[in-house]
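Residue numbers (the numbering used here), protein chains in the order written: chain A, 1 to 395; chain B, 1 to 395. Inspection log for the structure reproduced underneath, given as structure tokens.
There are 2 protein chains.
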Amino acid sequence: MFITKRTFRFHLSEYRERLYHTKKKMQDKGMDVLLITDPANMNYLTGYDAWTFYVGQIVVVSVDEEEPMWIGRDQDANGAHITAWMNEKNIIPCPEEYYHSDQKHPMDFFAKLVHLMGKSNRTIGVEMDMYYFTAATYEALKRALPSAKLRNANALVNWVRLVKSDQEIAYMRMAATLAENAMSVGIEKIEADVRENDVIAEVYHELIAGTDAFGGDYPAVAPLIPSGDDTSSLHVSWSDRKFHANDFAILKLSGCSARYHAPLSRTIAIGETPEKIKEAGKHCVEGLHAALDTVKPGVTCEEIEYAWRQTAEKHGVLKDTFLGYSIGSNYPPDWGSHTANLRQGDRTVLQPNMTFHMIPRLWIDGSGIEVSETFQVTETGCETLTDFERRLFVK
Amino acid sequence: MFITKRTFRFHLSEYRERLYHTKKKMQDKGMDVLLITDPANMNYLTGYDAWTFYVGQIVVVSVDEEEPMWIGRDQDANGAHITAWMNEKNIIPCPEEYYHSDQKHPMDFFAKLVHLMGKSNRTIGVEMDMYYFTAATYEALKRALPSAKLRNANALVNWVRLVKSDQEIAYMRMAATLAENAMSVGIEKIEADVRENDVIAEVYHELIAGTDAFGGDYPAVAPLIPSGDDTSSLHVSWSDRKFHANDFAILKLSGCSARYHAPLSRTIAIGETPEKIKEAGKHCVEGLHAALDTVKPGVTCEEIEYAWRQTAEKHGVLKDTFLGYSIGSNYPPDWGSHTANLRQGDRTVLQPNMTFHMIPRLWIDGSGIEVSETFQVTETGCETLTDFERRLFVK
């Protein structure tokens, strides 16, 4: 069977540039080989894109090999042929017997290939704290390659991904459009006696149907819409309860285009709104603006958070000092990039084309109020990718 | 702030029974303490349900403690108060400084609590090959509790979950209804010149809007709808390409209710269908029936697969011997239960109220044809939970 590759989402030259920067970082850290299990990092370097991260799969980058190598489950190898840019000899199917087995582990097979490549005694980087690099995976690797020098390469590629290319920003703008449209639909639909799930159904429809020009991909995190007591917690899922009059809800969602995200959250009051909630909404927006005004190349992440805190802490309780995080491409279970964070102690210096989700939150009587934006650092300041009215919505 | 617990999805007695069986298995294996990181296992034992599995969190079960203990991120602890049944003293917030930090790991904090409980030199089971038990988590645990005897307790709770209670089956039936409705809507919508994402948007809407009686939760895997070359691979995601006339697509989806799944897949031909695809569709259904007819208590998993293979292998290529898997409650990235599988070599003996997703697949010229069902083992045979016409659909 002849398989046609999908149109790549980026020019080949961009994939090669990413690879170049990754190898450079590897060399800086004295690593010869990098075993990548983070699906967003796999996608970044190879273009590979499929819902297969629930089983063992890996991308191998060697400083002295021109192309990366994809190794994954036999039934998924055609997906690599379809979506990844490499020569087909660099796409290796791992036999079914290694999966869901008590006797064998996919890493046994991956390690065998590293050995065949003559690299079993090299310095090998692994993503130690990545979801899909389990303790058993690490133990299997140590067992199979006892002479290898294993090093922690956690988030190494994530840091390469920090500054976005113009094409990446273009996908994030598409994701932002999806997010705005879904937010409109969600706010329109929320009211007393409507079930939470009915709002989310509309939101999901909008996120994926997209526009006439482009459709949406699945976001790495499901939309959330806590209301009532649930706003005391950030990540409780929707149910089929109905919204109550005189309550408020927080709708948090992200569009997704080519795996790139642009999250957005707004707080919506239903009916009569207590004055202090309205006030908190205003102060949240004020703090958001104060923080956005601080953003420009050369400023550090913690300075942004400081601007927010100074404005906000006179108006409500700040539970923590985590104002946001670097955002871009990702897969479930998280859309955050696990690199630079807008918080106290993070001295990452902003550069043009870094992108963040800034999510200011005030706590009033134990409930959270949020108004967030996804923004891009520009040459002179910042530009929000999402463009949606910044206020507390009252239905 | 006073937080109201949500109505529990199961009687307290059921949670206690689950705990009893878990402790019994722990004792059989000589384990004093079990550290659970699988969100479906956490949910099964405590009721805890939130999209927080992307950060460090844990449930601690001790053979000599009456209740389990939930430990997770400070901002998520209220979610445990809302959804988990335990006494509030058994819900412990882990400070923000342990998260997204180079210096500290959430497991440092969890291990500290195990130490405080006086259990740092006990035999402690950990889920070695679970997504959310990373290599770094394991290393942190070993560092923090050097006197503990660590044992592999991978899938220990998954095996306790194998036989479902009537209430669990009831949730799976609700999930099955959602799956059937979404499949109807999807098949209705698929045709030439319609974009893949527009079909998925309708499917998602149906899965979550649900019925007047109940809404749907997010499925652990996004719906898939490969068509054309993509059917050569099982898990490539949708895009905004249009379906082609005279092509075929495989729609695979699951409803989700209270985190319980009932997956369903059907193959849909668009327009003129080559005779051999029609034939393959028939043979897939024939093989499905042959396999379902074999199901009853006392039969082993591999015998079911054998019945399928005998019927099917004369009609097409069988790429592997994996016919299905135990199914129930789960979270992203997988809806499968990682225990009993319908495949060669699996001698698990069927018992009433085990549930499986049986997914027969024939390969024709490198493309896959599927017709699947979710079924429950009954006292005398089996009953499919999903009830949807078993045939190749032609649009």
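Even for Gly, the Cβ is constructed at its ideal location relative to N, Cα and C.
Classification of residue i by the beta-carbon crowding that lies within 10 angstroms, buried from 16 upward
i: residue 75 of chain B; result: buried
i: residue 90 of chain A; result: buried
i: residue 61 of chain B; result: buried
i: residue 361 of chain B; result: buried
i: residue 405 of chain A; result: Past the boundaries of the shown model lies residue 405 of chain A; chain A is included only from 1 to 395, so the question cannot be answered.
i: residue 103 of chain A; result: exposed
i: residue 20 of chain B; result: exposed
i: residue 419 of chain A; result: Chain A is shown only over 1 to 395; residue 419 of chain A falls outside these bounds and no answer can be derived.
i: residue 13 of chain B; result: exposed
i: residue 1 of chain A; result: A caution first: residue 1 of chain A carries a pLDDT of 49, below 50, which makes its placement in the model unreliable, though a value can still be read off. Result: exposed.
i: residue 252 of chain A; result: buried
i: residue 198 of chain B; result: buried
i: residue 11 of chain B; result: exposed
i: residue 8 of chain A; result: exposed
i: residue 164 of chain A; result: buried
i: residue 83 of chain B; result: buried
i: residue 143 of chain B; result: exposed
Boundaries of the alpha helix (DSSP H) in which residue i is found, first to last residue
i: residue 396 of chain A; result: Missing from the structure shown is residue 396 of chain A; chain A here goes from 1 to 395 and no further.
i: residue 39 of chain A; result: 39 to 46
i: residue 169 of chain A; result: 166 to 189
i: residue 311 of chain A; result: 301 to 312
i: residue 355 of chain B; result: Here residue 355 of chain B belongs to no alpha helix (DSSP H); instead the beta strand (DSSP E) covers 355 to 358.
i: residue 287 of chain B; result: 275 to 294
i: residue 55 of chain B; result: Counting along the chain, residue 55 of chain B falls outside any alpha helix (DSSP H), and DSSP gives it neither H nor E.
i: residue 209 of chain A; result: 196 to 209
i: residue 402 of chain A; result: Residue numbering for chain A in the displayed model covers 1 to 395; residue 402 of chain A lies beyond these limits and cannot be assessed.
Beta strand (DSSP E) segment containing residue i, residue limits
i: residue 383 of chain B; result: 382 to 384
i: residue 325 of chain B; result: 322 to 327
i: residue 137 of chain B; result: Not the beta strand (DSSP E): residue 137 of chain B falls in the alpha helix (DSSP H), residues 135 to 144.
i: residue 91 of chain A; result: 91 to 94
i: residue 70 of chain A; result: 69 to 73
i: residue 374 of chain A; result: 373 to 377
i: residue 368 of chain B; result: 367 to 370
i: residue 260 of chain B; result: 260 to 269
i: residue 24 of chain B; result: Note, residue 24 of chain B: premise wrong, no beta strand (DSSP E); alpha helix (DSSP H) at 12 to 28.
i: residue 58 of chain B; result: 58 to 62
i: residue 339 of chain B; result: 336 to 343
C-beta contact flag for residue i and residue j at 9 Å
i: residue 285 of chain B; j: residue 391 of chain B; result: yes
i: residue 44 of chain B; j: residue 161 of chain B; result: yes
i: residue 339 of chain A; j: residue 155 of chain A; result: yes
i: residue 169 of chain B; j: residue 348 of chain B; result: no
i: residue 273 of chain A; j: residue 243 of chain A; result: no
i: residue 51 of chain A; j: residue 185 of chain B; result: no
i: residue 166 of chain B; j: residue 245 of chain B; result: no
i: residue 287 of chain A; j: residue 175 of chain A; result: no
i: residue 324 of chain B; j: residue 283 of chain B; result: no
Selected residue, minimal CA-CA separation from residue i, among the options
i: residue 135 of chain B; options: A:123, A:118 and A:153; result: A:153
i: residue 368 of chain B; options: B:227, B:210 and B:139; result: B:227
i: residue 312 of chain B; options: B:126, B:387, B:359 and B:131; result: B:359
i: residue 116 of chain B; options: B:101, B:130, B:97 and B:92; result: B:92
i: residue 224 of chain B; options: B:42, B:279, B:41 and B:187; result: B:187
i: residue 378 of chain B; options: B:324, B:297, B:394 and B:346; result: B:297
i: residue 385 of chain A; options: A:336, A:77 and A:171; result: A:171
i: residue 381 of chain B; options: B:267, B:177 and B:304; result: B:304
i: residue 114 of chain A; options: A:264, A:282, A:320 and A:148; result: A:148
i: residue 232 of chain A; options: A:370, A:351, A:352 and A:179; result: A:370
7 Å Cβ cut-off: residues of chain B touching residue i
i: residue 3 of chain A; result: 229 and 232
i: residue 208 of chain A; result: 197, 200, 201 and 204
i: residue 171 of chain A; result: Ordered by position in chain B, no residue passes the 7 Å Cβ test against residue 171 of chain A, which lies about 13 Å from the chain.
Within chain B, partners of residue i - CB distance below 8 Å
i: residue 237 of chain A; result: 49, 50, 51, 217 and 218
i: residue 275 of chain A; result: Neighbours of residue 275 of chain A on chain B: none; closest Cβ ~18 Å, over 8 Å.
i: residue 263 of chain A; result: Correct list: empty, because the minimum Cβ distance to chain B is about 13 Å.
i: residue 83 of chain A; result: 236
Beta-carbon neighbours of residue i, restricted to chain A and to distances below 8 Å
i: residue 137 of chain B; result: 129 and 135
Within chain A, the residues that residue i reaches when beta carbons sit closer than 7 Å
i: residue 322 of chain B; result: 96
i: residue 57 of chain B; result: Ordered by position in chain A, no residue passes the 7 Å Cβ test against residue 57 of chain B, which lies about 10 Å from the chain.
Where residue i meets chain A, residues with beta-carbon distance less than 9 Å
i: residue 145 of chain B; result: Within chain A, no residue comes near residue 145 of chain B; the closest Cβ sits about 14 Å away, beyond 9 Å.
Within chain B, partners of residue i - CB distance below 9 Å
i: residue 125 of chain A; result: The contacting residues do not exist; residue 125 of chain A stays about 12 Å from chain B at best.
Near the ligand GDP: residue i beta-carbon under 8 Å from a heavy atom
i: residue 377 of chain A; result: Annotation note on the ligand GDP: not contained in the displayed structure, which lists no ligands.
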